[in-house]
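Participant: Taking my numbering, the leading residue of the sequence shown gets 39, the next gets one more, and so forth. For each residue, glycine too, the CB sits at the ideal point set by N, CA and C. Here the structure is a predicted model, which means the values were calculated and not measured. For reference, the structure I am asking about is given below.
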Amino acid sequence: MAASQLCSLSHSKVLFHCCVSSSNACVPCGGFTLGLNSRHYLGTPRLCQQRSGSSTLRQRAQGMRIRAAQSQDEGIIALPKQFYLGFASSLGITKDISRTQVYSVWLQGGVVLIILAAIDAAFSGDWSRIGILSRDAELGLRPLLGLLGLFHLACGAVTALDASQKGFNPVPQTLKVLAVGFLATVEQLYKDPAE
39 MAASQLCSLS HSKVLFHCCV SSSNACVPCG GFTLGLNSRH YLGTPRLCQQ RSGSSTLRQR
99 AQGMRIRAAQ SQDEGIIALP KQFYLGFASS LGITKDISRT QVYSVWLQGG VVLIILAAID
159 AAFSGDWSRI GILSRDAELG LRPLLGLLGL FHLACGAVTA LDASQKGFNP VPQTLKVLAV
219 GFLATVEQLY KDPAE
């Protein structure tokens, strides 16, 4: 064994480092023990004296595993992203259109008002009382609104992943998508990454 080695313990994509001396005792790089008899110490990833060639290989392998996990996360969103953008382009929605005020404020605001009116019609019973809709039409809106809600949840998941990958705060984007749906998802997917 070399005079000093850097050992790594991987847990949830976070590296914990400690030095192992020639007497096989763990000398911490700064941190506290995980338990009374534990040989691993938490600490910042500092270099402790010399590193052997095998520890460098371990760190490279760990970096490759982290990059592979990140590319797998990008692969999860690739198919829905292609579907949404393909459908948007078939409707004539382009990147330039999605950046206009008419699209992002007026059109999406109108969609939210229509959704709120449909929720009111389906669950209040007022619309059948005044004769705008029949009672059967009101009851028929309920399963459609349930499906619309599930679709908005799927749009919200895609938007949250995309916003995180592009460096945006995913919370406001996702909340907007949960209310608006597809149009807000397309707006987020067309955004350029934050710098």
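Which of the three DSSP states is assigned to Asp164 in this structure?
Facilitator: Here residue 164 refers to the residue found at position 126 when the sequence shown is read from its first residue. Of the three classes helix, strand and coil, the one that applies to Asp164 here is helix, per DSSP.
Participant: Do the segment 216-228 and the segment 148-155 meet, that is, are 3 or more Cβ pairs less than 8 Å apart?
Facilitator: Judged by Cβ distances under 8 Å, the segment 216-228 makes contact with the segment 148-155, as three or more pairs qualify.
Participant: From Tyr182 to Leu188, what does the alpha carbon distance come to, in whole angstroms?
Facilitator: The residue given as residue 182 occupies position 144 in the sequence shown. The residue given as residue 188 occupies position 150 in the sequence shown. The residue asked about is misnamed: residue 182 is Leu in this sequence, not Tyr. The alpha-carbon atoms of Leu182 and Leu188 are separated by roughly 10 Å.
Participant: Mark Val196 as exposed unless 16 or more other C-beta atoms lie within 10 angstroms of its C-beta, in which case mark it buried.
Facilitator: The count along the sequence shown starts at 1 and reaches residue 196 at position 158. The residue is buried, with at least 16 neighbouring Cβ atoms inside 10 Å.
Participant: Mind reading off the beta-carbon distance from Gly194 to Thr212? Whole number of angstroms is fine, and I expect it under 8 Å.
Facilitator: As a working mapping, residue 194 is identified with position 156 in the sequence shown. As a working mapping, residue 212 is identified with position 174 in the sequence shown. Right, their Cβ atoms sit about 5 Å apart.
Participant: Specify, as a first and last residue, the run of the alpha helix (DSSP H) that Val196 falls within.
Facilitator: As a working mapping, residue 196 is identified with position 158 in the sequence shown. Note, Val196: alpha helix (DSSP H), Arg173 to Gln203.
Participant: I'd like the span of the alpha helix (DSSP H) that includes Thr223, first residue to last.
Facilitator: Counting from one through the sequence shown, the residue named residue 223 turns up at place 185. From DSSP, the alpha helix (DSSP H) with Thr223 extends over Phe220 to Tyr228.
Participant: Shortest alpha-carbon distance to Pro118 belongs to which of Asp200, Gly205 and Val209?
Facilitator: For the purposes of this step, residue 118 is taken as residue 80 along the sequence shown, with counting starting at 1. Closest option to Pro118, Cα to Cα, is Asp200.
Participant: Could you check the C-alpha separation between Tyr79 and Ala126 for me, to the nearest Å?
Facilitator: Counting from 1 along the sequence shown, the entry for residue 79 is found at position 41. Counting from 1 along the sequence shown, the entry for residue 126 is found at position 88. Low per-residue confidence applies at Tyr79: pLDDT is 40, beneath 50, and the placement is therefore not dependable, though the value from the model is reported in the following sentence. The alpha-carbon atoms of Tyr79 and Ala126 are separated by roughly 52 Å.
Participant: Which of helix, strand or coil does DSSP assign to Asn152?
Facilitator: Within the sequence shown, numbered from 1, the residue matching residue 152 stands at position 114. Going by the sequence as given, residue 152 is Ile instead of Asn. The answer is helix: DSSP assigns Ile152 an H, G or I state.
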